[in-house]
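Using my numbering, the first residue of the sequence shown is number 1, and each one after it goes up by one.
Notes for the one structure printed next.
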Amino acid sequence: MKDFPENDIRQEVFNLDFDLKAETLLSYIEEDTQVDLSLSDFFKRRFSKDITRIEKDRYNDDTLNVHLSRRSFYNVLPERFFHSTYISTPFVNTMVADYHGRKIEQENALKFFKPLETEFFLHRVDIESAENEILTALGSPKLVDFLMDLWKIDERIPKRMAAKILKTMPFMYKIAGNIPLLKKILENIIEEEILIEKDFATAGLPVTNEPWQLGVNMATSGKQKTFLPKYIFTMNNISRPENIEDYLPDGKITAVVNFFLEHTLPHESDFEINFRLPKRKTRFIMTEDAYSGRLGISATI
Numbered sequence: 001m002k003d004f005p006e007n008d009i010r011q012e013v014f015n016l017d018f019d020l021k022a023e024t025l026l027s028y029i030e031e032d033t034q035v036d037l038s039l040s041d042f043f044k045r046r047f048s049k050d051i052t053r054i055e056k057d058r059y060n061d062d063t064l065n066v067h068l069s070r071r072s073f074y075n076v077l078p079e080r081f082f083h084s085t086y087i088s089t090p091f092v093n094t095m096v097a098d099y100h101g102r103k104i105e106q107e108n109a110l111k112f113f114k115p116l117e118t119e120f121f122l123h124r125v126d127i128e129s130a131e132n133e134i135l136t137a138l139g140s141p142k143l144v145d146f147l148m149d150l151w152k153i154d155e156r157i158p159k160r161m162a163a164k165i166l167k168t169m170p171f172m173y174k175i176a177g178n179i180p181l182l183k184k185i186l187e188n189i190i191e192e193e194i195l196i197e198k199d200f201a202t203a204g205l206p207v208t209n210e211p212w213q214l215g216v217n218m219a220t221s222g223k224q225k226t227f228l229p230k231y232i233f234t235m236n237n238i239s240r241p242e243n244i245e246d247y248l249p250d251g252k253i254t255a256v257v258n259f260f261l262e263h264t265l266p267h268e269s270d271f272e273i274n275f276r277l278p279k280r281k282t283r284f285i286m287t288e289d290a291y292s293g294r295l296g297i298s299a300t301i
C-alpha cells in the first residue's frame, strides 16, 4: 500500500456525500494492491453504505480488509445447507455447545464460498474498468464528431464542451430535475458561474384579427402568471467578455446551455438564459508629474 495508504483511502471513501460502490473503489486502486473482501455486514443495517469498514489485516500489513454490506452465498442459500437440525433443550451446556458448533459451521461455509464470491466480484470490477475506459474515450475527437452527428447536436457547440456533455449522458437520470446538481455540472461544462432564479411562466396572449366578444375571446381582466415553473439562468461576471458574441442568443455558450437544459429540466418548466458582464475595475491616479495623467487619454473616471 505504498501509493494508497489506509488512512487516505478511508478518508476519501467515507467523506463522500454518496454511496461509493466497492467495484468503483477497486477499479481505481493499483493492481498490485492486496485486498481481502468480507461480505459480513449485511444484517448490520439495510440502509448502510456499501463499504462499511476499511482496515489493515492483522497478520499482513500489505493487505487491506474491506468489509461490505452485502449478502454472501451463506445468507442467500437455505440454512439447512450448512447447519444440522438441533433439538431444543433446557440444558444450558447443550445450548452453548450447539451455538459454538453453528459458529464453526458458519465460518467453514464462509471460507468455502469466499473464492467464488471474490471471483464474481473481480468480474464486476473488470466491467467497471471497461465502463471507465468507455467514458474516457468519449473525449476523443473522432467519437465526439460521430456522436454529435448521430444525435444531431447543434454544430455551434464547441467540441470541448460537447465532450463534457457526452460524458454526462449515462447519468442523465440522476441529473434531470435535480437543480443543484444540474447547476454544478453546467458550471463545469461552460466554466462560468451561474445564478439561478425561480419564477413562474407567463401565459402568452395571441392577438388575432377576429372581432372580440366579451366572454368568448375577450375578458375584462386576467392573470398572465401561470403555475408552471420558470428558471432564469444567469451567467454571472462572464470570464471571456472579449468574446461577447458567444453569450448572445445565437452564440456558442448559449447554445451549450440551451442544449443541456432541454435535456435536464422537467418538460413542464420553462427557462431563460441571461449573462452579466464583469464590473470594470479602473483607477484614477493623478500624480505631481506634469502630463502624467490626461483625462480621456491615460486616465479615466
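Ideal Cβ positions, reconstructed from N, Cα and C, are used throughout, including at glycine.
Predicted model only: the values in this text are computed from it and were never measured.
{"Query": "Where does S27 sit, in a helix, a strand or coil, going by DSSP?", "Result": "helix"}
{"Query": "On the DSSP bridge assignment, give the partners of S40 in chain order.", "Result": "In DSSP, S40 forms no bridge with anything."}
{"Query": "Could you spell out the range, first to last residue, of the alpha helix (DSSP H) harbouring T89?", "Result": "Per DSSP, T89 belongs to no alpha helix (DSSP H) and is neither H nor E."}
{"Query": "Just verifying my parser: in three-state terms, what is the DSSP assignment at E55?", "Result": "strand"}
{"Query": "For I231, count neighbouring Cβ atoms within 10 angstroms of its own Cβ and tell me buried if that reaches 16, exposed if not.", "Result": "Note that residue 231 corresponds to Tyr in the displayed sequence, not to Ile. With 16 or more Cβ atoms within 10 Å of its Cβ, Y231 is classed as buried."}
{"Query": "Buried or exposed for T85, please, with buried defined as at least 16 other CB atoms from any protein chain shown within 10 angstroms of its CB.", "Result": "exposed"}
{"Query": "What did DSSP end up calling F259 once you bin it into helix, strand or coil?", "Result": "helix"}
{"Query": "Using CA coordinates, which residue listed in I196, P90, S38 is at the minimum distance from D57?", "Result": "S38"}
{"Query": "Check whether the Cβ atoms of E268 and L228 sit closer than 7 Å, and answer yes or no.", "Result": "yes"}
{"Query": "So, is V125 buried or exposed, given that buried needs 16 or more other C-beta atoms within 10 angstroms?", "Result": "buried"}
{"Query": "With DSSP as the reference, please indicate the residues paired to L64 in a beta bridge.", "Result": "V35, K56"}
{"Query": "Please report the distance separating the alpha-carbon of K183 from that of I194.", "Result": "7 Å"}
{"Query": "CB K164 to CB L135, shorter than 7 Å?", "Result": "no"}
{"Query": "Would a C-beta distance cut-off of 7 Å place S69 and S48 closer than the cut-off?", "Result": "yes"}
{"Query": "Excluding sequence positions up to five away, which residues of its chain have a Cβ less than 6 Å from the Cβ of Q106?", "Result": "none"}
{"Query": "Could you have a look at I175 and say whether DSSP puts it in helix, strand or coil?", "Result": "helix"}
{"Query": "Let me know the secondary structure DSSP gives E378 once reduced to three states.", "Result": "As displayed, the chain neither begins before 1 nor continues past 301, which places residue 378 out of reach and without an answer."}
{"Query": "Cα separation between V144 and P158?", "Result": "10 Å"}
{"Query": "Check for me: the beta strand (DSSP E) holding D270 runs from which residue to which?", "Result": "270–275"}
{"Query": "Taking F275 as the reference, give the member of I244, E31, H123 with the closest Cα.", "Result": "I244"}
{"Query": "By Cβ distance below 6 Å, which residues in the same chain neighbour W151 in space, the five residues on each side in sequence not counted?", "Result": "none"}
{"Query": "Closest to H263 by C-alpha separation, out of E210, I175, N93, A137, would be which residue?", "Result": "I175"}
{"Query": "Where N236 and V66 are concerned, what is the direct C-alpha to C-alpha distance, given to the nearest angstrom?", "Result": "45 Å"}
{"Query": "Could you spell out where the alpha helix (DSSP H) holding D149 opens and where it closes?", "Result": "141–150"}
{"Query": "When the distance is taken between beta carbons, is D154 closer than 7 Å to A22?", "Result": "no"}
{"Query": "When you compare only the Cα positions, how much space is there between D199 and L277?", "Result": "23 Å"}
{"Query": "Answer yes or no: do R102 and H83 have a C-beta to C-beta separation smaller than 7 Å?", "Result": "yes"}
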